[in-house]
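Undergrad: Residue numbers (the numbering used here), protein chains in the order written: chain A, 1 to 337; chain B, 1 to 522.
This is the structure, below, for whatever I ask next.
Printed below as a string of C-alpha cells:
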C-alpha cells in the first residue's frame with residue numbers, strides 16, 4: 001500500500017507540471033496587461049513599460065516560465081502583482097477557509113446523499129423515490145448562484161436565522177490560531193465565537209453540498225438498485241440474514257464503490273463551485289482569491305491558486321483510491337501483487 | 001460559614017458587575033461601530049504606495065491627514081489640516097506652511113516640519129502615481145520646527161488641490177522605517193482613526209483616535225467589510241449587517257432597480273450627490289484611417305444620441321447630463337456649454353453623414369464597452385440611436401484589463417469610457433484627457449497633435465489669477481467642444497446608501513471618498 005501511495009505521489013509531478021504549463025500559457029493568452037491595470041488612469045507609456053520591466057513581463061514567456069518553475073521548486077510561488085505579498089503566504093492564509101468549507105460540504109453531502117440514495121433505492125418507484133429523484137434533479141440542475149441568493153433571502157432575510165455573508169460577525173476580532181474559524185473559537189476558549197463561525201458556515205456549505213449530495217444520492221440509488229439485483233444479495237437473503245445486514249453490509253458496501261469514484265470526480269466541481277460560493281458569501285478563501293486574480297490579471301496568483309486546486313484534487317483522488325482499496329478486497333490484492 | 005440570603009445576593013451582584021459592565025462595553029462598541037460594505041480589498045493603505053485605489057484612499061483619508069483639505073459641506077474651498085495657515089508667493093511658486101503645534105502621529109512621534117518634509121519626499125520618491133503631482137516640486141525645506149516651505153519649478157495653481165489628495169497625506173517617518181515594506185498594511189498617521197487590523201478578503205478595522213487634534217471622533221470603530229457581490233452587499237445593508245454601502249470603484253454604479261428599491265425602504269436613506277465623473281462615447285482621435293477622423297462623422301454621431309432619453313430611460317434620475325469636457329458642478333464650467341453642446345437631432349446627423357460622403361448603412365463600427373449590465377444597457381441604447389441614422393454598430397463588452405490595453409494601444413474607433421477626477425480642479429479632466437502630448441498614455445482622448453490647444457491648456461493649468469484661469473478654461477472648453485473628440489453622455493451621481501441612524505455623513509464629489517470624523521451612529 002505504501003508503495004502504491006509513493007507511486008501515486010510521484011505521478012503527481014508530471015501532472016502538476018502540465019497544469020502549470022497550461023495555466024501559464026492560458027493566463028498570458030488572455031488579452032490585457034497587468035501593468036496597465038495596476039497603474040490605472042493617467043499612466044504614461046514609459047511608466048507602463050517600467051512596471052512591465054520591474055515585473056519581468058518584458059522577458060520572453062519561456063524565460064518567465066522557467067524562472068517561475070525554479071521558484072515553485074523552492075516553495076516560492078512569486079509575488080502577487082496586486083498586493084506585492086508572497087503568493088505562498090497569501091494562499092496559506094486563505095487555504096483553511098476553503099478547506100473548512102470544502103470538508104464541511106463533503107461531509108454534509110455524504111451524510112445526506114448516501115442515506116437518501118439508499119432510501120430511494122429500497123423504496124424504488126414509490127412516491128418517496130419519485131420525490132427524492134425530483135429533489136435531487138433540482139439539486140443537480142440549480143445554478144449555485146441562484147441557490148445562494150435563495151438561501152440568503154429565506155434564511156438570512158425572511159427568517160433571520162442565519163448570517164448572510166462572511167466567516168464571522170465583524171465584531172469578533174480574534175486572531176486566527178489554525179485558520180479554521182470554528183476550531184479557533186474553541187481553541188481560544190471563546191465558544192460564542194465558535195458558534196458564530198459555525199452559523200456563518202451553514203449557508204455556503206448548503207450551497208456547495210446541495211449539488212454534491214444530489215449527485216451522490218442519484219448515483220447511490222442507481223448503484224444500490226444494481227447491487228440489490230445481484231446474485232450475492234439473493235444468496236444473503238436465502239441464508240436468512242436480516243434485511244438491514246443485506247442492505248448495508250452487502251448492498252451498500254458494493255454500491256459505495258462507484259459512488260466514491262463520483263465523489264472524487266465531483267470534488268473538482270465542488271472546488272470550482274467554491275469560486276462562486278466564496279464570492280457570493282464573501283468567504284475569504286482560495287476560490288475568491290483566484291476569481292479576483294483572474295479579473296486583475298494577477299498571473300502569479302492565478303498560477304498558485306490553480307496549483308493548490310490541482311493538488312487538492314489529486315490528493316482527494318488518492319484518498320478515494322485508498323478507500324476503494326479498503327472497501328474492495330480485489331483492489332487490495334492487485335495492489336499487493 | 002453561614003451567609004444569609006441578603007449577603008449571598010450582594011455577593012452574586014458583585015460577581016455579576018464586571019460581566020455586565022463588559023457586556024455594556026461590548027454593546028456600546030457595537031452601537032458606536034460603523035460597518036461599511038466595500039467590494040474589494042484595499043490595495044495599499046498608506047500614501048507612499050497607494051495609486052488612487054478608492055478603498056485604500058478612503059482609509060488613508062481617515063487614518064492620515066493632509067496639509068490642506070476641501071472644506072465640507074460644499075468642498076469648494078481649501079482649509080488647513082496639518083497646516084494651520086499658508087501663504088503663496090506672488091509668482092505662485094513658493095508655498096509657506098505654518099504647521100499646527102502639538103500634533104502627534106499614532107505612534108506618539110511628533111508631526112513637525114521635519115516629519116512632513118520627510119513624508120512628502122518619500123511619497124515623491126516611491127509612489128509612481130504621484131510623479132505627475134510632485135515632479136514639479138523643486139525643493140521642500142523645514143524652515144523652522146513648524147514651518148515648511150515647498151518650492152515649485154514652475155507655477156502650478158492646482159498644487160494645493162494636489163496636496164489635498166489622499167496620496168499626499170503625511171505618514172509617520174518613524175513608523176515606515178520600523179515596518180519597512182509592511183508599512184502598507186500597518187499605516188500610521190495623525191488622523192481621527194487608528195489602524196487596528198486588516199484581514200485579507202475579510203475586513204479592515206479602524207479605531208477612534210481619542211487624541212485627534214480636531215477632537216476625538218464620535219464613532220469608536222469603523223469596520224470595512226469586504227463583500228465582492230453587489231447583491232450580498234444590498235442584502236446585508238437591508239438586514240442591518242452594514243451601515244453604509246457606497247460606490248467604491250471607478251466603473252461601479254449601483255443598479256437603478258436597487259436604488260429604486262432602497263429608496264422605498266424606510267430603514268435606508270439614499271444620498272445622491274452630483275459627481276464630477278464623466279462618461280462618454282469617445283472617438284479614437286488619433287487614427288487617420290478611421291471614418292471618425294472626419295469631424296462631420298463625429299458630429300453626426302453626437303447628434304444621433306438621445307441624451308435625455310438615455311438619462312430617463314436607463315438611469316431613472318441617478319445621472320446628470322454632461323455638456324462638454326467638464327461637469328456642470330465644476331467651478332470652471334462655462335454655462336454657455338449648455339447651448340454649445342450637441343442636441344439630439346437625427347436629421348442633422350443624417351445631413352452631416354451625407355456631407356461626409358457616408359451612405360446610410362455604409363458605416364459599420366465596433367463600439368467597445370466595459371462589462372456589466374449598466375454599460376451593456378448604455379451601449380444598446382446608443383446602438384439603437386446610431387442605427388436610426390444609418391450607422392451600424394457591433395457592441396464588444398470587454399473585461400477591464402483587455403479594454404484598457406486596447407485603449408492604450410489605440411486599436412478602437414469608438415468606445416464607451418469614463419473619467420473620474422481625483423482632485424477638485426478642472427486640470428484633472430482637461431490636462432490628462434485632452435493634451436495631445438499625452439495622447440499615448442492611459443485614459444486620454446488620444447488627441448491629434450494640436451499646438452494651439454496644448455498651449456491653451458497649459459496656460460490654463462499655470463495661470464495664477466483665479467478669474468483669468470477660469471476664463472482660460474472657458475476658452476478651453478469651447479475649443480474642445482469644437483473638435484468633437486467625444487459625445488459626452490452623462491455624469492453618474494455619487495450614491496451612498498446609509499441606514500437610518502447614521503448621522504453627519506457628508507459626501508465628497510472629487511475625490512468621491514468619505515471622511516468619518518464627524519459621523520455618529522444613533
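Cβ coordinates follow ideal geometry from the N, Cα and C atoms, glycine included.
1. Report the option in A:4, A:206, A:254, A:179 whose CA atom is closest to the CA atom of residue 194 of chain A.
2. Counting only Cβ pairs nearer than 7 Å, list the residues of chain A close to residue 235 of chain B.
3. Rounded to whole angstroms, what's the CA-CA distance from residue 233 of chain B to residue 31 of chain B? Just pull it up for me.
4. Apart from the five residues just before and just after residue 61 of chain B, which ones in its own chain have a Cβ nearer than 6 Å to its Cβ?
5. Just to confirm my understanding: we take residue 456 of chain B, look at its own chain, exclude 5 residues before and 5 after, and list those with CB closer than 8 Å. What are they?
6. Between the Cα of residue 319 of chain B and the Cα atoms of B:63, B:73, B:88, B:493, which residue gives the shortest distance?
7. For residue 449 of chain B, report the span of its alpha helix (DSSP H) as first-last.
8. Is there a Cβ from chain A that is less than 9 Å from the Cβ of residue 223 of chain B?
9. Can you give the beta carbon distance from residue 313 of chain A to residue 281 of chain A, rounded, assuming they're within the 8 Å contact cut?
10. Round the Cβ separation of residue 157 of chain A and residue 235 of chain B to the nearest angstrom and send it over; I've been treating them as touching at under 8 Å.
11. Hey, which unbroken runs of the beta strand (DSSP E) at 3 residues or more fall wholly within the region 100-155 of chain B?
12. How many Å lie between residue 110 of chain A and residue 17 of chain A at the Cα?
13. Which same chain residues end up closer than 6 Å to residue 187 of chain B when comparing Cβ atoms and leaving out the 5 residues on each side of it in sequence?
14. According to DSSP, what are the bridge partners of residue 397 of chain B?
15. Taking 7 Å as the limit between beta carbons, can you name the residues of its chain near residue 323 of chain A, skipping five residues before and five after?
16. At a Cβ threshold of 9 Å, is residue 112 of chain A touching chain B?
17. Could you name the residues of the same chain whose beta carbon sits closer than 6 Å to that of residue 21 of chain B, not counting the 5 residues immediately before and after it, in chain order?
18. Are residue 375 of chain B and residue 359 of chain B close, meaning C-beta to C-beta below 9 Å?
19. So which of B:65, B:139, B:40 has the shortest CA-CA distance to residue 528 of chain B?
20. Who are the near neighbours of residue 15 of chain B in its chain, counting only those whose CB is closer than 6 Å to its CB and skipping five residues on each side?
21. Return the residue from the list A:247, A:90, A:20, A:320 that minimises the CA-CA distance to residue 106 of chain A.
22. Going along the chain, which residues of the region 262-280 of chain A sit with their C-beta nearer than 8 Å to a C-beta in chain B?
23. Could you pull out every residue in the same chain whose Cβ sits closer than 7 Å to the Cβ of residue 269 of chain B, ignoring the five residues on either side in sequence?
24. So what does DSSP say about residue 220 of chain B, is it helix, strand or coil?
25. If you draw a straight line from the alpha carbon of residue 58 of chain B to that of residue 190 of chain B, how long is it in whole angstroms?
26. Going by DSSP in three states, residue 269 of chain B sits in which element: helix, strand or coil?
27. Which residues, taken in chain order from the region 187-209 of chain B, show a beta carbon closer than 9 Å to some beta carbon of chain A?
28. In angstroms with no decimal places, state the Cα-to-Cα distance between residue 102 of chain A and residue 210 of chain A.
29. Taking a cut of 9 Å between CB atoms, which residues from the region 148-170 of chain B lie near chain A?
30. For chain B, find out if any of its Cβ atoms is closer than 9 Å to the Cβ of residue 232 of chain A; answer yes or no.
31. Alpha carbon to alpha carbon, how far is residue 144 of chain B from residue 265 of chain B?
32. Does the beta-carbon distance from residue 136 of chain B to residue 152 of chain B come in below 9 Å?
33. List the residues of chain B whose Cβ lies closer than 7 Å to the Cβ of residue 149 of chain A, in chain order.
34. Which residues of chain B have a Cβ atom closer than 7 Å to the Cβ of residue 82 of chain A, listed in chain order?
35. By how many angstroms is the C-alpha of residue 130 of chain B removed from the C-alpha of residue 80 of chain A?
36. Go ahead and pull the three-state DSSP assignment for residue 319 of chain B.
TA: On the basis of the data shown:
1. Locating residue 194 of chain A in the first chain gives position 194, where the first residue counts as 1. Checked all of A:4, A:206, A:254, A:179; the closest Cα to residue 194 of chain A is A:179.
2. As a working note, residue 235 of chain B is residue 235 in the second chain. Under the 7 Å cutoff, chain A gives 152, 156, 157, 164.
3. Here the question's residue 233 of chain B lines up with position 233 in the second chain. Here the question's residue 31 of chain B lines up with position 31 in the second chain. When rounded, the distance between both Cα atoms is 20 Å.
4. Mapped onto the second chain, residue 61 of chain B falls at position 61. 166, 513, 515.
5. As a position in the second chain, residue 456 of chain B is number 456, starting the count at 1. Within the same chain, residue 456 of chain B has close Cβ partners 472, 475, 476, 479.
6. Here residue 319 of chain B corresponds to residue number 319 of the second chain, with the count starting at 1. Residue B:493 is the option with its Cα nearest to residue 319 of chain B.
7. Your numbering for residue 449 of chain B matches position 449 in the second chain. Note, residue 449 of chain B: premise wrong, no alpha helix (DSSP H); not H, not E.
8. Indexing the second chain from 1 puts residue 223 of chain B at position 223. With 9 Å as the cut-off, residue 223 of chain B counts as an interface residue toward chain A.
9. Along the first chain, read from residue 1 onward, the residue named residue 313 of chain A stands at position 313. Along the first chain, read from residue 1 onward, the residue named residue 281 of chain A stands at position 281. Between residue 281 of chain A and residue 313 of chain A the Cβ distance is about 22 Å, and since that is not below 8 Å, they are no contact.
10. Within the first chain, residue 157 of chain A is the residue found at index 157, counting from 1. Within the second chain, residue 235 of chain B is the residue found at index 235, counting from 1. The pair is a contact, with the Cβ atoms about 6 Å apart (cut-off 8 Å).
11. 137-144, 147-152
12. Within the first chain, residue 110 of chain A is the residue found at index 110, counting from 1. Within the first chain, residue 17 of chain A is the residue found at index 17, counting from 1. If I take the Cα positions, the gap works out to 32 Å.
13. Position 187 of the second chain, counted from the start, is the residue given in the question as residue 187 of chain B. 45, 46, 63, 195, listed in sequence order.
14. On the second chain, residue 397 of chain B is found 397 positions in, with the first residue counted as 1. According to DSSP, residue 397 of chain B bridges with B:369.
15. Residue mapping note: residue 323 of chain A aligns to position 323 of the first chain, counting from 1. Excluding residues within five positions, the ones whose Cβ falls inside 7 Å are 260.
16. Counting from one through the first chain, the residue named residue 112 of chain A turns up at place 112. It does not: the Cβ of residue 112 of chain A has no partner Cβ on chain B nearer than 9 Å.
17. Along the second chain, one-based indexing puts residue 21 of chain B at 21. At residue 21 of chain B, the pLDDT of 48 sits below 50, so the modelled position is not reliable and the matter cannot be decided from this model.
18. Numbered from its first residue, the second chain carries residue 375 of chain B at position 375. Numbered from its first residue, the second chain carries residue 359 of chain B at position 359. Taking 9 Å as the Cβ cut-off, residue 375 of chain B and residue 359 of chain B do not qualify as a contacting pair.
19. For chain B, the structure presents residues 1 to 522; residue 528 of chain B sits outside this window and is missing.
20. The residue labelled residue 15 of chain B in the question sits at position 15 within the second chain. In this predicted model, residue 15 of chain B has a pLDDT of only 48, less than 50, meaning its place in the structure is not dependable enough to derive any value.
21. Taking the first chain and counting its residues from 1, one reaches residue 106 of chain A at position 106. Checked all of A:247, A:90, A:20, A:320; the closest Cα to residue 106 of chain A is A:320.
22. 279, 280
23. Position 269 of the second chain holds residue 269 of chain B. Hits under 7 Å: 498, 500.
24. The residue you call residue 220 of chain B lines up with position 220 of the second chain. Coil.
25. Position 58 of the second chain, counting from 1, holds the residue named residue 58 of chain B. Position 190 of the second chain, counting from 1, holds the residue named residue 190 of chain B. Answer to the nearest angstrom: the Cα atoms are 15 Å apart.
26. As a working note, residue 269 of chain B is residue 269 in the second chain. In the structure shown, residue 269 of chain B sits in a strand (DSSP, three-state: E or B).
27. 196, 197, 199, 200, 201, 202, 203, 205
28. The sequence position of residue 102 of chain A within the first chain is 102, counting from 1. The sequence position of residue 210 of chain A within the first chain is 210, counting from 1. Rounded to whole angstroms, residue 102 of chain A to residue 210 of chain A spans 12 Å at the Cα level.
29. none
30. Sequence index remark: in the first chain, residue 232 of chain A carries index 232 (1-based). It does not: the Cβ of residue 232 of chain A has no partner Cβ on chain B nearer than 9 Å.
31. Your numbering for residue 144 of chain B matches position 144 in the second chain. Your numbering for residue 265 of chain B matches position 265 in the second chain. Spanning the two alpha carbons is a distance of roughly 55 Å.
32. In the second chain, residue 136 of chain B corresponds to position 136, counting from 1. In the second chain, residue 152 of chain B corresponds to position 152, counting from 1. Yes; because the gap between Cβ atoms is below 9 Å, this pair is in contact.
33. Position 149 of the first chain holds residue 149 of chain A. Simply 231.
34. Position 82 of the first chain, counting from 1, holds the residue named residue 82 of chain A. Within 7 Å Cβ-Cβ: 43.
35. The residue labelled residue 80 of chain A in the question sits at position 80 within the first chain. The residue labelled residue 130 of chain B in the question sits at position 130 within the second chain. Roughly 22 Å between the two C-alpha positions.
36. Along the second chain, one-based indexing puts residue 319 of chain B at 319. If DSSP states are grouped into helix, strand and coil, residue 319 of chain B belongs with the strands.
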